[in-house]
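In what follows, a single structure is set out as structure tokens and then discussed.
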Amino acid sequence: MIGDIHQRVTRSSVASLAFFSHSAYVATFEPRDVSQALSDPNWVNAMHEELENFERNHVWNLVEPPPNCRSIGTKWVFKNKQGENGMVVRNKARLVAQGFCQKEGIDYEETFDPVAHLEAIRILLAFAASKVFKLQQMDVKSAFLNRFIEQEVYVRQSPGFESARFPDWVYKLRKALYGLKQAPRAWYARLKSFLLKYGFVMGSVDKTLFLLSHGGDTLIVQIYVDDIIFGGSSHTLVSSFVEQMSREFEMSLIVLPRAAVKQGLEGTFVHQAKYTRDILKKFNMGDSKPMTTPMSTNTVLDADEYGEVVDQKEFRGMIGSLLYLTATRTDIQFTAFARTSHRQAVKCIFRYLKFTTELGIWYSSGSSLYLRGFLDANHAGCQIDRKSTSGTCQLLGTSLVS
Numbered sequence: 001m002i003g004d005i006h007q008r009v010t011r012s013s014v015a016s017l018a019f020f021s022h023s024a025y026v027a028t029f030e031p032r033d034v035s036q037a038l039s040d041p042n043w044v045n046a047m048h049e050e051l052e053n054f055e056r057n058h059v060w061n062l063v064e065p066p067p068n069c070r071s072i073g074t075k076w077v078f079k080n081k082q083g084e085n086g087m088v089v090r091n092k093a094r095l096v097a098q099g100f101c102q103k104e105g106i107d108y109e110e111t112f113d114p115v116a117h118l119e120a121i122r123i124l125l126a127f128a129a130s131k132v133f134k135l136q137q138m139d140v141k142s143a144f145l146n147r148f149i150e151q152e153v154y155v156r157q158s159p160g161f162e163s164a165r166f167p168d169w170v171y172k173l174r175k176a177l178y179g180l181k182q183a184p185r186a187w188y189a190r191l192k193s194f195l196l197k198y199g200f201v202m203g204s205v206d207k208t209l210f211l212l213s214h215g216g217d218t219l220i221v222q223i224y225v226d227d228i229i230f231g232g233s234s235h236t237l238v239s240s241f242v243e244q245m246s247r248e249f250e251m252s253l254i255v256l257p258r259a260a261v262k263q264g265l266e267g268t269f270v271h272q273a274k275y276t277r278d279i280l281k282k283f284n285m286g287d288s289k290p291m292t293t294p295m296s297t298n299t300v301l302d303a304d305e306y307g308e309v310v311d312q313k314e315f316r317g318m319i320g321s322l323l324y325l326t327a328t329r330t331d332i333q334f335t336a337f338a339r340t341s342h343r344q345a346v347k348c349i350f351r352y353l354k355f356t357t358e359l360g361i362w363y364s365s366g367s368s369l370y371l372r373g374f375l376d377a378n379h380a381g382c383q384i385d386r387k388s389t390s391g392t393c394q395l396l397g398t399s400l401v402s
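What follows is the structure, encoded as structure tokens:
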């Protein structure tokens, strides 16, 4: 047992117990499981910080299990936070509930919460560039812990952090915990209530968009789960909003995750060069020969039923990485199946990415807000099943948004 979470353990006390050599040190690895995390003092300290945050926010109460109690397990998730230079700056340990064990109608009722579409974020970037105001992003710390839940939900104590006096007791949740089915909905309701009280007006179509008008100035807020993108035409209005949010929630100002956003007087450039280099390294494509196109015009991919089956896990990982990258690289969107020929096609895309690492999307300042659309279609053009294909793109002024 590492310790009772009800007994506060600070950095200094951990150090005095020879668990911690220096408060500025961080672990450079991500633990595979709890046992590996408990062997490193840096991760032990990160786990204590998470549990202390629960106590500070009154997330739960340790109670004796009621009759016929259905308790849910928990799991530790470990992640290293990196700076702009790729160096590890923080070890983040998060305790999440195993929400897959919940029963609908018993542990939760509704789970839906609005999530901003990627197209909505692109429109916001284009609008902000057109009006020449700076966008910022804030990360609300432990966002899901800011809302009370209506149902009675019990979770078991985390291994290694059981109460010394009541090791068999369970925690009754007062607030939403990450992993619960109803957690995102509860957080959205909490943030929505605050924004409306502050004077914002919610979008009639996009429920994640909130507008605040003050005199001739405008402040725009876009919600993406527990991240908030915002900007306005008045520095005073933006500063006031940040101050009010800081009073209501624990938060920090950050840049868009894994995406570099360069904002200037001429416009905004969004790219994912660092992420591109990371996935090239991850899939051993860093030393591959660059290609100037993602795929040859002569390449025809079919089901390849008799082709050699490749590592499915690796292939799905490559596909998932590319799908995330399409947020700023719409030139590499595709669908494929996991045979040798398909993996080879994916590797060609990775070689193309190496050649075009710094590419992204440009949003020009001073651009009009006139919406234009372009369509191209191919009738029965597929050489395999003669299906028709089509594609569209929409521009807000000169900026691609969809």
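Residue numbers (the UniProt record's numbering): 1 to 402. Built from N, CA and C at the ideal position, the CB exists for glycine as well. Please read these numbers as outputs of a predicted model, since none were measured by experiment.
Where do the N-terminal and C-terminal ends of the alpha helix (DSSP H) with residue i fall, by residue?
{"i": "Leu118", "result": "Leu118 to Lys131"}
{"i": "Trp43", "result": "Pro41 to Arg56"}
{"i": "Tyr324", "result": "Gln312 to Leu325"}
{"i": "Gln36", "result": "Val34 to Leu38"}
Compare the C-alpha of residue i against each of the options and name the closest.
{"i": "Glu64", "options": "Val170, Phe133, Arg372 and Arg94", "result": "Val170"}
{"i": "Ile220", "options": "Arg70, Gln312, Asp385 and Gln136", "result": "Gln136"}
{"i": "Val59", "options": "Ala120, Ala143, Val115 and Arg32", "result": "Ala143"}
{"i": "Val205", "options": "Arg90, Asn61, Leu359 and Pro114", "result": "Pro114"}
{"i": "Val34", "options": "Glu119, Pro159 and Val309", "result": "Pro159"}
{"i": "Ser193", "options": "Phe210, Gln182 and Val26", "result": "Phe210"}
{"i": "Val140", "options": "Arg351, His235, Ile361 and Asp227", "result": "Asp227"}
{"i": "Ala186", "options": "Met47, Lys289, Arg147 and Phe230", "result": "Arg147"}
{"i": "Gly199", "options": "Tyr178, Tyr188, Pro167 and Ser240", "result": "Ser240"}
{"i": "Glu248", "options": "Thr328, Arg165, Ala183 and Leu145", "result": "Leu145"}
{"i": "Lys207", "options": "Tyr224, Tyr275 and Phe315", "result": "Tyr224"}
{"i": "Leu38", "options": "Trp76, Lys387 and Arg56", "result": "Trp76"}
{"i": "Arg397", "options": "Lys103, Leu124 and Lys81", "result": "As written in the sequence, residue 397 is Gly, which differs from the Arg given in the question. When only C-alpha atoms are compared, the closest one is Leu124."}
{"i": "Val89", "options": "Pro290, Phe100, Asn42 and Met251", "result": "Asn42"}
{"i": "Ala97", "options": "His342, Glu104, Gln263 and Ile72", "result": "Ile72"}
Let me know if residue i comes out buried or exposed under the rule of 16 or more other beta-carbons within 10 Å of its beta-carbon.
{"i": "Val346", "result": "buried"}
{"i": "Gly381", "result": "exposed"}
{"i": "Ala377", "result": "exposed"}
{"i": "Gln344", "result": "exposed"}
{"i": "Val153", "result": "buried"}
{"i": "Asn298", "result": "exposed"}
{"i": "Thr74", "result": "buried"}
{"i": "Gln312", "result": "exposed"}
{"i": "Asn61", "result": "exposed"}
{"i": "Leu265", "result": "exposed"}
{"i": "Cys175", "result": "The sequence given here places Lys at residue 175; Cys does not occur at that position. By the 10 Å Cβ count, Lys175 comes out buried."}
{"i": "Ser296", "result": "exposed"}
{"i": "Lys181", "result": "buried"}
{"i": "Leu118", "result": "exposed"}
{"i": "Leu323", "result": "exposed"}
{"i": "Val309", "result": "exposed"}
{"i": "Tyr370", "result": "exposed"}
{"i": "Leu375", "result": "exposed"}
{"i": "Pro184", "result": "buried"}
{"i": "Ala112", "result": "The question names Ala, but residue 112 in the sequence shown is Phe. Per the 10 Å Cβ criterion, exposed."}
{"i": "Asn68", "result": "exposed"}
{"i": "Pro294", "result": "buried"}
{"i": "Leu95", "result": "buried"}
{"i": "Val44", "result": "buried"}
{"i": "Asn91", "result": "buried"}
What span of residues does the beta strand (DSSP E) with residue i cover, start to end?
{"i": "Asp278", "result": "That residue, Asp278, is in no beta strand (DSSP E); its alpha helix (DSSP H) goes Ala273 to Lys282."}
{"i": "residue 439", "result": "Look at the range of the chain in this structure, 1 to 402, and you will see that residue 439 is not part of it."}
{"i": "Val96", "result": "Val88 to Ala97"}
{"i": "residue 411", "result": "Nothing about residue 411 can be reported from this structure: the residues present for the chain run from 1 to 402 only."}
{"i": "Val63", "result": "Trp60 to Val63"}
{"i": "residue 445", "result": "No statement about residue 445 is possible, as the shown extent of the chain runs from 1 to 402 and does not include it."}
From residue i to residue j, what distance separates their C-alpha atoms?
{"i": "Arg70", "j": "Gly86", "result": "43 Å"}
{"i": "Leu253", "j": "Leu237", "result": "16 Å"}
{"i": "Phe29", "j": "Gln36", "result": "10 Å"}
{"i": "Thr267", "j": "Ser367", "result": "Inspection of the sequence shows that residue 267 is occupied by Gly rather than by Thr. Taking the straight line joining both Cα atoms gives about 9 Å."}
{"i": "Gly216", "j": "Gly83", "result": "37 Å"}
{"i": "Ala273", "j": "Val201", "result": "36 Å"}
{"i": "residue 404", "j": "Leu353", "result": "Absent from the model: residue 404. The displayed extent of the chain is 1 to 402, so no value can be given."}
{"i": "Arg122", "j": "Leu400", "result": "8 Å"}
{"i": "Cys393", "j": "Glu49", "result": "46 Å"}
{"i": "Ser163", "j": "Glu110", "result": "33 Å"}
{"i": "Ala129", "j": "Thr218", "result": "14 Å"}
{"i": "Lys79", "j": "Tyr25", "result": "15 Å"}
{"i": "Ser234", "j": "Arg190", "result": "26 Å"}
{"i": "Ala336", "j": "Ala260", "result": "Low confidence applies here, because Ala336 scores a pLDDT of 46, under 50, leaving its location unreliable and the question unanswered by this model."}
{"i": "Glu52", "j": "Gly179", "result": "19 Å"}
{"i": "Gln102", "j": "Pro66", "result": "17 Å"}
{"i": "Trp362", "j": "Gly231", "result": "18 Å"}
{"i": "Ser402", "j": "Val132", "result": "21 Å"}
Give a single yes or no on whether residue i has its beta carbon closer than 7 Å to a heavy atom of the ligand MN.
{"i": "Leu353", "result": "With respect to the ligand MN, the structure shown offers nothing to examine, as it has no ligands at all."}
(request) At 4 residues or longer, and completely inside the stretch 174-257: list those alpha helix (DSSP H) runs for me, N to C. (result) 183-198 and 235-248
(message) For a minimum of 3 consecutive residues, which ranges assigned as the beta strand (DSSP E) are wholly contained in the stretch 338-398?
(response) 360-364, 371-378 and 389-396
(request) Output the residue ranges of the beta strand (DSSP E) runs that lie fully inside the stretch 129-159 and measure 3 residues or longer, sorted by chain position. (result) 135-140 and 154-156
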